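K.L.:
Encoded as structure tokens, here's the structure I'll be asking about.
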């Protein structure tokens with residue numbers, strides 16, 4: 001057995017899980033022995049503690065590193081310590097299969113364990129922080145279980161690959177046994193970042209075979225850039241003085257819809273009031289929100305805020321969340337403002353699908369002698385059925401959540417349904433009708449919700465029928481028969497039955513759950529499409545995940561190279577470590593071919609930067625510009641020069657030099 005010499009101890013060993021006791025026991029003798037620096041045999045160490053665990057000595061039963069065989073420690077530690085992915089402190093003895101023990105510098109005179117310390121909170125405990133570390137890839141390839149019981153691990157002498165580690169948090173030192181399994185023989189991992197190819201299940205679903213390999217798809221990039229532009233858009237206050245600079249706690253208002261004329265009298269058909277919509281930034285959290293203003297509305301009773309609070313609790317992927325409702329005079333009159341989450345780039349279903357006047361030609365009355373035009377077909381004037389079912393799944397899911405919460409949507413209308421991306425729907429303007437039409441005489445504000453929920457189902461049927469006909473004229477009463485004939489000819493019987501069920505009066509109260517059997521297995525189709533879309537986006541994210549790190553590396557390198565002067569030394573960037581970094585910059589960006597033409601290779605730049613960041617032992621040749629000097633250095637040497645030089649700049653910037 002290997003012997004360990006413990007450091008000099010300034011105090012008696014503190015038992016774990018209890019206050020220090022002035023008792024004489026073999027553990028105390030062991031502490032006295034440690035003070036003299038006498039070598040301690042680890043086998044004897046465990047034997048002493050094991051013998052004392054069999055006695056009713058409370059101090060010995062909680063001793064570290066042996067402690068933890070009590071049921072309380074083993075039960076709690078088994079779930080928390082088994083998640084440790086890797087040791088926080090490396091030890092040279094880990095490389096030897098026959099040695100494992102205390103980490104260097106480990107002191108046994110530390111305070112209580114993390115399981116019993118009264119001064120530590122769960123969010124500062126070392127266990128959750130260790131779980132957040134990047135896991136060792138070798139752990140996933142070891143056939144043996146790495147989550148063995150801690151009680152068994154500490155009740156035996158330290159085995160191969162297990163090291164008692166320590167970690168200090170807030171002045172308290174914690175000890176734990178690292179159970180990270182040793183990697184299999186022959187396993188080799190790259191010692192610096194390397195870009196991997198696309199996963200096969202994503203590569204074969206890509207419609208474009210020549211998609212860029214280093215960056216995300218152009219379509220996704222353009223969509224994200226457009227969202228960023230809309231989010232950051234502002235107006236010139238001098239050009240549009242009607243928009244106030246601030247409204248309550250919101251500033252930087254930007255109109256999302258054409259502003260109504262100042263003397264407009266007619267009201268909108270949706271809410272019965274003139275409305276306008278703005279993007280604004282909340283000064284409390286600096287996040288963008290969508291403000292829906294109701295012009296000229298005076299809130300006389302705050303009982304309706306009960307319904308507003310219920311709406312604020314609803315979080316759903318197909319509902320635009322309501323955040324707050326407030327009144328203001330910032331626009332020059334009494335106004336009621338609803339604040340919603342802002343989804344940049346969204347457009348209404350009306351503008352996406354019902355913006356073509358020629359689509360109503362099939363339902364337009366013909367003059368005498370005129371013949372009907374050609375019957376619309378799918379992909380030739382009508383929407384594909386798969387898209388309609390995708391909309392049905394999302395809208396029914398939103399209604400299900402709203403009705404389950406005891407509320408009613410009341411805005412199931414193409415002008416109030418947002419479309420983001422290709423097929424993502426969100427129900428907008430929820431809760432507005434509940435405030436505008438609130439009846440103060442009603443004792444129960446939820447008394448009419450059942451009636452409103454039935455109206456939601458009818459509105460859903462009208463939206464689906466309008467989508468199937470690709471025209472709002474199809475939902476008019478005089479065109480219903482012609483619209484249903486069009487649905488019968490072009491779409492499945494399930495879609496027809498769903499529309500009939502939603503639009504037909506029933507003798508009983510209907511529920512949105514009743515249409516689930518009609519959706520049937522199409523729900524799984526939508527789930528599969530969403531997961532495939534997620535795979536593609538994750539693959540695009542993987543292409544960009546290292547870009548921020550490489551940019552920071554280049555930014556640091558740019559602050560060092562060619563600096564004209566530092567600390568009144570004009571030759572600073574041309575001497576010492578800085579000269580090596582200058583030659584490395586030339587090696588990185590200024591390569592030439594045998595013919596003297598520039599050699600530009602992005603993979604070379606990325607590979608060299610990754611090797612520099614990792615400090616690999618690989619050697620490279622740096623040639624001076626006059627080609628009279630050749631310096632052979634390793635990337636680890638360059639990393640040391642790079643870090644020292646940048647820290648010197650940071651110290652000077654902070655006034656420490």
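Residue numbers (UniProt numbering): 1 to 657.
We put the CB at the ideal spot given by N, CA and C, even for glycine.
Being a predicted model, the structure only gives us computed values, none of them experimental.
(1) Where DSSP assigns a beta bridge to residue 340, which residues make up the other side?
(2) Using only CA atoms, which one of 425, 408, 589, 424 lies nearest to residue 437?
(3) Straight-line CA distance for residue 456 to residue 430?
(4) On the criterion of 16 or more Cβ atoms from any shown chain inside 10 Å, does residue 237 qualify as buried, or is it exposed?
(5) Secondary structure at residue 631, three-state DSSP: helix, strand or coil?
(6) Could you pull the DSSP bridge partners for residue 247 from this structure?
(7) Give every residue of the same chain whose Cβ lies closer than 7 Å to the Cβ of residue 257, excluding the five residues on either side of it in the sequence, and list them in chain order.
(8) Determine the direct distance from the alpha carbon of residue 270 to that of residue 433, and round the result to whole angstroms.
(9) Could you spell out the range, first to last residue, of the alpha helix (DSSP H) harbouring residue 502?
(10) Which parts of the segment 591-645 are runs of the beta strand (DSSP E), unbroken and 3 residues or longer, counting only runs that do not cross its ends?
(11) Among 315, 612, 630, which residue has its Cα nearest to the Cα of residue 553?
(12) Determine, for residue 420, whether the minimum Cβ-Cβ distance to residues of chain C falls below 8 Å.
(13) Check the DSSP bridge columns for residue 295 and list the partner residues they point to.
(14) Using 8 Å as the threshold, is the C-beta distance between residue 291 and residue 348 below it?
(15) Report all residues from its chain with a CB closer than 7 Å to the CB of residue 387; omit the five preceding and five following residues, and keep chain order.
(16) Assess contact between the segment 568-585 and the segment 629-640, defined as three or more Cβ pairs (one per stretch) separated by less than 8 Å. Is contact present?
(17) If you measure between the beta carbons of residue 580 and residue 622, is that distance less than 8 Å?
(18) Nearest to residue 464 by CA position, among 440, 205, 549, 483, is which residue?
(19) Just the C-alpha distance for residue 221 and residue 537, rounded to the nearest angstrom, thanks.
(20) So residue 468 is in the alpha helix (DSSP H); what residue range does that whole segment cover?
(21) Would residue 177 and residue 194 be called neighbours here (beta carbons separated by less than 8 Å)?
(22) Can you find at least 3 beta carbon pairs, one from the segment 381-399 and one from the segment 525-532, that sit closer than 8 Å?
(23) Hey, out of 493, 488, 542, whose CA is closest to residue 377's CA?
(24) Is residue 253 closer than 8 Å to residue 261 when the C-beta atoms are compared?
(25) Taking the C-alpha atoms as reference points, what is the distance between residue 504 and residue 332?
(26) With distance defined between alpha-carbon atoms, name the residue in 311, 539, 187, 335 nearest to residue 205.
(27) Nearest to residue 513 by CA position, among 614, 381, 171, 402, is which residue?
(28) Looking at residue 412: is its Cβ nearer than 8 Å to the Cβ of residue 472?
(29) Report the three-state DSSP secondary structure of residue 652 (helix, strand or coil).
(30) To which residues of the same chain is residue 565 closer than 8 Å at the C-beta, ignoring the five residues directly before and after it?
(31) Determine the burial state of residue 590: buried for a count of at least 16 other Cβ atoms within 10 Å of its Cβ, exposed for fewer.
(32) Span of the alpha helix (DSSP H) holding residue 282?
(33) Which of the three DSSP states, helix, strand or coil, is assigned to residue 553?
(34) Of all the options 556, 548, 203, 190, which has the alpha carbon lying nearest to the alpha carbon of residue 535?
(35) Exposed or buried, residue 272, counting other C-beta atoms within 10 Å across all chains shown (16 or more means buried)?
P.N.:
Quick look at the numbers:
(1) 290, 322
(2) 408
(3) 12 Å
(4) exposed
(5) Strand, per DSSP.
(6) Beta-bridge annotation (DSSP): residue 247 is paired with 250.
(7) 276, 277
(8) 9 Å
(9) 493-503
(10) 619-623, 630-634
(11) 612
(12) This model lacks chain C altogether, as it is built from one protein chain only.
(13) 335
(14) Residue 348 is positioned such that its CB atom lies no closer than 8 Å to that of residue 291.
(15) 423
(16) yes
(17) yes
(18) 483
(19) 11 Å
(20) Its alpha helix (DSSP H) spans residues 449-469.
(21) no
(22) yes
(23) Of the candidates 493, 488, 542, the residue whose Cα lies closest to the Cα of residue 377 is 488.
(24) no
(25) 46 Å
(26) 539
(27) 402
(28) no
(29) helix
(30) 572
(31) By the C-beta density criterion, residue 590 is exposed, having fewer than 16 other C-beta atoms within 10 angstroms.
(32) Taken as a continuous stretch (DSSP letters only), residue 282 belongs to no alpha helix (DSSP H), being part of the beta strand (DSSP E) at 275-282.
(33) Residue 553 sits in a helix when the DSSP states are folded into three classes.
(34) 203
(35) exposed
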